[in-house]
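K.L.:
Quick note on the UniProt record's numbering: the sequence shown kicks off at 1 and runs consecutively.
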Amino acid sequence: MLKTQDIGYWYTNEQDYLYKNVDLTFDAGKMYAILGASGSGKTTFLSLIAGLDVPKEGSIYFNDKNVTSIGLRNYRKNDVSTIFQSYNLLPYMSALDNVLTAMSICQTQVNNRKEYALEHLNKVGIDESLATKPVTQLSGGQQQRVAIVRSLCCNHDLIVADEPTGNLDDQTSQDIVSLFQKVAHEQNKCIIIVTHEQDVAKKCDKVFELKNKTFELVK
Numbered sequence: 001m002l003k004t005q006d007i008g009y010w011y012t013n014e015q016d017y018l019y020k021n022v023d024l025t026f027d028a029g030k031m032y033a034i035l036g037a038s039g040s041g042k043t044t045f046l047s048l049i050a051g052l053d054v055p056k057e058g059s060i061y062f063n064d065k066n067v068t069s070i071g072l073r074n075y076r077k078n079d080v081s082t083i084f085q086s087y088n089l090l091p092y093m094s095a096l097d098n099v100l101t102a103m104s105i106c107q108t109q110v111n112n113r114k115e116y117a118l119e120h121l122n123k124v125g126i127d128e129s130l131a132t133k134p135v136t137q138l139s140g141g142q143q144q145r146v147a148i149v150r151s152l153c154c155n156h157d158l159i160v161a162d163e164p165t166g167n168l169d170d171q172t173s174q175d176i177v178s179l180f181q182k183v184a185h186e187q188n189k190c191i192i193i194v195t196h197e198q199d200v201a202k203k204c205d206k207v208f209e210l211k212n213k214t215f216e217l218v219k
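Next up, the structure:
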């Protein structure tokens, strides 16, 4: 589904590159974790494969098409959902409207979008009374869950998540990881998670660790 070919990235000086010659393959129906120390470039890599930034060298392919030929805007709209560590919710909207707006932009094909969104919010503990509140009235953990549901409800084949369980308690974290597993395995989606939590990584089908400017398959 997703493949990187010889990609490299640096900020200003090529000699201080984050990584080079990265060749990784991510398949549908599997959940992946990317581990690494703070500042190693995990989030930057997630931005590259999500089409939010472009590598300094090399190419990224989605279903054998170069994402630049697909068009980064089209790629983000039609193929990939991103769960941001900072949530990136629209603060003047309710949780429900945040989800519905994303579904409208992505043209999610379901019979009843509102019913579909409420059902998925309820799965992560956001009932209708919470879903209709402005997101600014929700806790950080609740906003995190809204961001996760917003991503899942777009029904994209690729989902990338930056520390999606970082602000969740242990039980909710386990529930979210189980939901990701179910989505990947039963709906044949590809889910890629940047995390520092070993417990989350253990639940993934494959784990890469970014260490010494190299991605190493550790599971």
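Note that CB positions come from ideal geometry on N, CA and C, so glycine has one too.
Keep in mind that this is a model prediction, so the values were computed, not measured.
If we count Cβ pairs, one from each stretch, closer than 8 Å, do we get three or more for the segment 4-24 versus the segment 178-185?
P.N.:
Segments in contact, no.
K.L.:
On the DSSP letters alone, give me the boundaries of the beta strand (DSSP E) that D162 sits inside.
P.N.:
Stepping through the sequence shown from its first residue, residue 162 is reached at position 162. Unbroken beta strand (DSSP E) run through D162: L158 to D162.
K.L.:
Which stretch, first to last residue, makes up the alpha helix (DSSP H) that contains C153?
P.N.:
Counted from its first residue, the sequence shown places residue 153 at position 153. First-last of the alpha helix (DSSP H) with C153: G140 to C153.
K.L.:
Specify the secondary structure class of L72 as computed by DSSP and reduced to three states.
P.N.:
Counting from 1 along the sequence shown, the entry for residue 72 is found at position 72. It is helical.
K.L.:
So G51 and V80 are in contact, right, with Cβ under 8 Å, and what is the actual spacing, rounded?
P.N.:
The sequence position of residue 51 within the sequence shown is 51, counting from 1. The sequence position of residue 80 within the sequence shown is 80, counting from 1. The pair is a contact, with the Cβ atoms about 6 Å apart (cut-off 8 Å).
K.L.:
Three-state secondary structure (DSSP) at T4?
P.N.:
For this step, residue 4 is matched to residue 4 along the sequence shown. Three-state result, T4: strand.
K.L.:
When burial is assigned at 16 or more other CB atoms within 10 Å of the CB, is N98 buried or exposed?
P.N.:
In the sequence shown, residue 98 corresponds to position 98, counting from 1. The residue in question, N98, is buried, as its Cβ has 16 or more Cβ neighbours within 10 Å.
K.L.:
Which of the three DSSP states, helix, strand or coil, is assigned to C106?
P.N.:
Locating residue 106 in the sequence shown gives position 106, counting from the first residue. Looking at C106 - three-state DSSP - the assignment turns out to be helix.
K.L.:
Entirely within the segment 15-50 and at least 3 residues each: give me those beta strand (DSSP E) ranges in chain order.
P.N.:
Listed in chain order, the complete beta strand (DSSP E) runs (minimum 3 residues) inside the segment 15-50 are 19-26 and 31-36.
K.L.:
Compute the Euclidean distance between the alpha carbons of G125 and I192, then round it to the nearest angstrom.
P.N.:
In the sequence shown, the residue the question calls residue 125 occupies position 125. In the sequence shown, the residue the question calls residue 192 occupies position 192. Rounded to whole angstroms, G125 to I192 spans 23 Å at the Cα level.
K.L.:
Would you report the Cα separation of K161 and Y116, rounded to the nearest angstrom?
P.N.:
Position 161 of the sequence shown holds residue 161. Position 116 of the sequence shown holds residue 116. In the sequence under discussion, the amino acid at residue 161 is Ala, which differs from the Lys named in the question. Taking the straight line joining both Cα atoms gives about 21 Å.
K.L.:
Does P164 pass the burial test, meaning 16 or more other C-beta atoms within 10 Å, or should it be called exposed?
P.N.:
One-based indexing of the sequence shown puts residue 164 at position 164. Buried: at least 16 other Cβ atoms inside 10 Å.
K.L.:
Using 8 Å as the Cβ pair cut-off and three pairs as the minimum, do the segment 165-177 and the segment 139-153 touch?
P.N.:
The segment 165-177, when compared against the segment 139-153, does touch it at the 8 Å Cβ threshold.
K.L.:
Looking at the unbroken beta strand (DSSP E) that takes in T172, where does it start and where does it end?
P.N.:
Mapped onto the sequence shown, residue 172 falls at position 172. Segment D170 to Q187 is the alpha helix (DSSP H) holding T172; no beta strand (DSSP E) there.
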